[in-house]
Amino acid sequence: MKKINPIVFFNLLISLFIVLGVFLIYFFIKIKMNYIGVIIVSAIILILAFIIYTINFGIPTSDKIINKIESNKESLSYSKEYFIINIPILEKKLKINWESIEAIFLLNKPPLDGEYHNFEYIIIMNKDPEIMMYNNQKWYNRYNLLSVFPKSNKKKLPCVKINDYSNKNFNTFKDAIDKYLVKTKDYLNLKFGNETKEVISGNIKIVTLKSPIKTFGFYKVFDLGNDLKDEKLIEYRNEVKIKNEND
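Okay, so the sequence shown: first residue is 0 according to numbering that gives the first Met the number 0, each after it adds one.
Structure, rendered in structure tokens:
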């Protein structure tokens, strides 16, 4: 009698529990149960996912983690008609036509807890980007488990965000905007902290504040200006107005 590989057995068993956990979360949400139950089951699913990862790949070393993070970062490529966001971790690409872009905003802020980026583009479109999946996908990317959850019936304009941590060539996007969409000002040279000036008094160099500390910036890079009644678009436009009034 052929022996069953214990690793395969544990993979199947843990995968079964993960699938059951996902459907249990869906059931809790469906019956509008207290979110404590959802949080507990979600935590168990994460623990099981970590266990199945360590069974198959072991606990990675710090070098492996760093290399893995870098290899999973997004990247951008451009053409005259469109640009592509390559997302390795989801094994897919987003193809966005330049003509479909309604507005682009730039957020410039200190990172919050759990964040690593300072700059973030917010791209709002008037139609969905084309999604191109990798030919060879891992099983967890082939099946979108989030699709089992109820979707909001509220219509929203598609929105994509690109930041300077998760994207390898973030800084190339400005040049692409200038080339294929609209000429913009040199906003990527903005820095945080106090702007200072040096004053020489005798043999002593004195550094003084030139302007108050700046910790937040929100900028309009491009906007067609169409009245599309989208909540997020209206919110971003108002944020730009407030920023301009305060500057």
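Every residue gets a Cβ at the ideal spot worked out from N, C-alpha and C, and that includes glycine. Every value quoted in this text rests on a predicted model; they were computed, and no experiment measured them.
In the DSSP assignment, find the unbroken alpha helix (DSSP H) run with residue i in it and report its ends.
| i | result |
| --- | --- |
| D94 | For clarity, residue 94 is Lys in the given sequence; the question names Asp instead. Unbroken run through K94 is the beta strand (DSSP E), 91 to 96; no alpha helix (DSSP H). |
| Y179 | 171 to 179 |
| Y34 | 34 to 56 |
| Y139 | 138 to 141 |
Considering only the beta carbon of each residue, do residue i and residue j sit closer than 9 Å?
| i | j | result |
| --- | --- | --- |
| E73 | S165 | yes |
| L232 | F169 | no |
| I13 | L47 | yes |
| N96 | L227 | no |
| K217 | F104 | The sequence shown places Phe at residue 217, rather than the Lys named in the question. In contact: F217 and F104 (Cβ atoms closer than 9 Å). |
| E90 | N55 | no |
| I121 | Y235 | yes |
| I51 | N10 | yes |
| K178 | Y77 | yes |
| I88 | I44 | no |
| I123 | L156 | yes |
| F27 | A175 | no |
Using CA coordinates, which residue listed in the options is at the minimum distance from residue i?
| i | options | result |
| --- | --- | --- |
| D229 | K173, E129, A102 | A102 |
| K154 | A175, N55, D127 | D127 |
| K92 | L227, M132, L45, V21 | M132 |
| K160 | F118, I176, I17 | F118 |
| K79 | N71, K94, K31 | K94 |
| I241 | I43, K219, K31 | K219 |
| K167 | N66, I123, K182 | N66 |
| N107 | L156, N162, Q136 | N162 |
| S41 | L23, D174, P87 | L23 |
| Y6 | G36, K137, T53, L19 | Inspection of the sequence shows that residue 6 is occupied by Ile rather than by Tyr. Of the listed residues, the one whose Cα sits closest to I6 is T53. |
| I84 | N135, L223, T171 | T171 |
| V21 | L180, Y142, K173, G224 | Y142 |
| K173 | F221, P109, Q136 | F221 |
Using three-state DSSP, classify residue i as helix, strand or coil.
| i | result |
| --- | --- |
| E80 | coil |
| S74 | strand |
| I28 | helix |
| N237 | helix |
| K67 | helix |
| K167 | coil |
| N162 | strand |
| N85 | strand |
| D226 | coil |
Identify the continuous beta strand (DSSP E) that holds residue i and give its terminal residues.
| i | result |
| --- | --- |
| F217 | 216 to 222 |
| N117 | Premise fails: N117 is in no beta strand (DSSP E) and is neither H nor E. |
| I100 | 100 to 107 |
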